[in-house]
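**Student:** The structure under discussion is supplied below as structure tokens; questions concerning it will follow.
2 protein chains.
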Amino acid sequence: MALKPEALDKVIHEPARLLIMTHLYVVTDADFVYLKRATGMTAGNLSTHLTKLEGAGFVKITKSFQGKKPKTTCKLTAKGRKAFEEYRKNILEVLKT
Amino acid sequence: MALKPEALDKVIHEPARLLIMTHLYVVTDADFVYLKRATGMTAGNLSTHLTKLEGAGFVKITKSFQGKKPKTTCKLTAKGRKAFEEYRKNILEVLKT
DNA sequence: GCAAAGTAGTTTGTGTCACAAACCATATAT
DNA sequence: ATATATGGTTTGTGACACAAACTACTTTGC
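Structure (structure tokens):
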């Protein structure tokens with residue numbers, strides 16, 4: 062069968078990031094605070110994982126101010142969307158019995 | 062939603078081990094050489110991952126001789142089978158959109 | 001006005017671990 | 001005897017997940 066493990070993108074495969082990606086996949090965008098609450102992650106973790114996703118070109122991060130508070134908005138890029146779909150396809154393939 | 066990342070057993074989630082588990086899930090048992098070929102992994106990697114799965118109580122490893130050659134046979138334990146089904150259920154849940 | 005507490009994140013330190021290369025033991029072929 | 005193959009295990013190292021500590025501001029008592 063030669064199902065290769067490397068078919069599963071490591072950046073997406075990490076559970077924390079998989080969760081972030083699935084959330085971002087179903088909305089146009091989401092802010093940091095929302096993601097933090099939705100995923101139950103600590104701010105530190107969320108920050109580093111978002112940075113990693115950004116580094117991979119999967120997520121676009123935009124900073125602005127809402128009133129006087131900083132606001133970080135996250136959005137899947139086209140590349141990220143495609144990579145997620147690919148990942149999804151591959152892991153379902155691995156799991157199909 | 063509160064889909065917790067920790068619902069995905071880290072021992073199983075690792076791609077290499079996920080592959081081993083899916084292979085073992087559909088056969089009664091498999092030997093080292095077969096798994097090596099089927100997964101495309103190096104012997105060293107396969108060895109350490111099997112040891113890890115054994116340590117988690119998911120795989121039973123039996124050593125014997127086939128003629129004059131050593132033979133390592135691997136088999137899912139009941140616990141391993143159950144854990145895999147659980148993992149499968151959880152990741153499908155995460156991925157359901 | 002100013003200290004304490006809250007909000008919104010980022011950076012740092014530490015322990016874990018995946019991977020391949022090196023190694024070990026034995027058997028077979030030249 | 002030397003080389004090559006088989007069937008693995010052990011070791012070294014670089015990557016990285018995680019939480020705790022920290023930065024930078026803002027709001028709330030007093």
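In order, the protein sequences belong to chains A and B.
62 is the number of the first residue of the first sequence in the working numbering; add one for each residue after it.
62 is the number of the first residue of the second sequence in the working numbering; add one for each residue after it.
No residue lacks a Cβ here, since even glycine has one placed at the ideal position from N, Cα and C.
Since the model is a prediction, treat every value here as computed from it, not as a measurement.
1. From L114 of chain A to E154 of chain B, what does the alpha carbon distance come to, in whole angstroms?
2. Tell whether a beta-carbon distance below 9 Å holds between L85 of chain A and K136 of chain A.
3. With a CB to CB cut of under 6 Å and the five nearest residues on each side skipped, what residues in its chain are close to G141 of chain A?
4. Could you check whether the Cβ of C135 of chain A sits closer than 9 Å to any Cβ belonging to chain B?
5. Run the CB neighbour count on V72 of chain A, radius 10 Å, all protein chains shown included, and call it buried at 16 or more, exposed below.
6. Return helix, strand or coil for F119 of chain B, following the three-state DSSP convention.
7. Determine the direct distance from the alpha carbon of H110 of chain A to that of S125 of chain A, and round the result to whole angstroms.
8. State the DSSP-derived secondary structure class of K129 of chain A, mapped to helix, strand or coil.
9. What are the boundary residues of the alpha helix (DSSP H) that includes K182 of chain A?
10. At 4 residues or longer, and completely inside the segment 78–121 of chain A: list those alpha helix (DSSP H) runs for me, N to C.
11. Within 10 angstroms of its Cβ, does R78 of chain A collect 16 or more other Cβ (buried), or is it exposed?
12. For chain A, is any of its Cβ atoms less than 9 Å away from the one on V155 of chain B?
13. Listed in chain order, which residues of the segment 108–127 of chain B have Cβ atoms closer than 7 Å to some Cβ of chain A?
14. Using beta carbons (cut-off 9 Å, strictly below), is I73 of chain A in contact with chain B?
15. Counting contacts by CB-CB distance shorter than 9 Å, is P131 of chain A in contact with chain B?
16. Give me the residue from B:T138, B:K143 and B:K157 with the minimum Cα distance to T89 of chain B.
17. According to DSSP, which residues form a beta bridge with K136 of chain B?
18. Tell me, please, whether the CB atom of A63 of chain A is closer than 9 Å to any CB atom in chain B?
19. For T89 of chain A, go through chain B and note every residue whose CB falls closer than 8 Å to its CB, in chain order.
**Tutor:** Quick look at the numbers:
1. Taking the straight line from one Cα to the other gives about 22 Å.
2. Cβ atoms of L85 of chain A and K136 of chain A: closer than 9 Å.
3. So the list reads F119 and V120, once near-sequence residues are dropped.
4. No, no contact with chain B.
5. Burial state of V72 of chain A is buried, judged by a 10 Å Cβ sphere holding 16 or more other Cβ atoms.
6. Looking at F119 of chain B - three-state DSSP - the assignment turns out to be coil, as it is neither helix nor strand.
7. Looking at the two C-alpha atoms, the distance is approximately 20 Å.
8. Of the three classes helix, strand and coil, the one that applies to K129 of chain A here is coil, per DSSP.
9. Within the shown structure, residues of chain A are numbered from 62 to 158, placing residue 182 of chain A beyond reach of any answer.
10. Correct list: 93–100 and 104–116.
11. R78 of chain A sits buried, since 16 or more C-beta atoms from the chains shown fall within 10 Å of its C-beta.
12. Judged by the 9 Å Cβ criterion, V155 of chain B is in contact with chain A.
13. Only those residues of the segment 108–127 of chain B whose C-beta falls short of 7 Å from the nearest C-beta of chain A would be listed, and there are none.
14. Among the CB atoms of chain B, none fall inside 9 Å of the CB of I73 of chain A.
15. By this cut-off, P131 of chain A is not an interface position.
16. Of B:T138, B:K143 and B:K157, the smallest CA-CA separation from T89 of chain B is found for B:T138.
17. Paired residue(s): B:K121.
18. Bear in mind that a pLDDT of 49 at A63 of chain A, under 50, signals an unreliable position, so the number given afterwards is only what the model happens to contain. Taking Cβ atoms only, chain B reaches closer than 9 Å to A63 of chain A, which makes this a yes.
19. Within 8 Å of the CB of T89 of chain A, no CB atom of chain B is found; the nearest one sits about 15 Å away.
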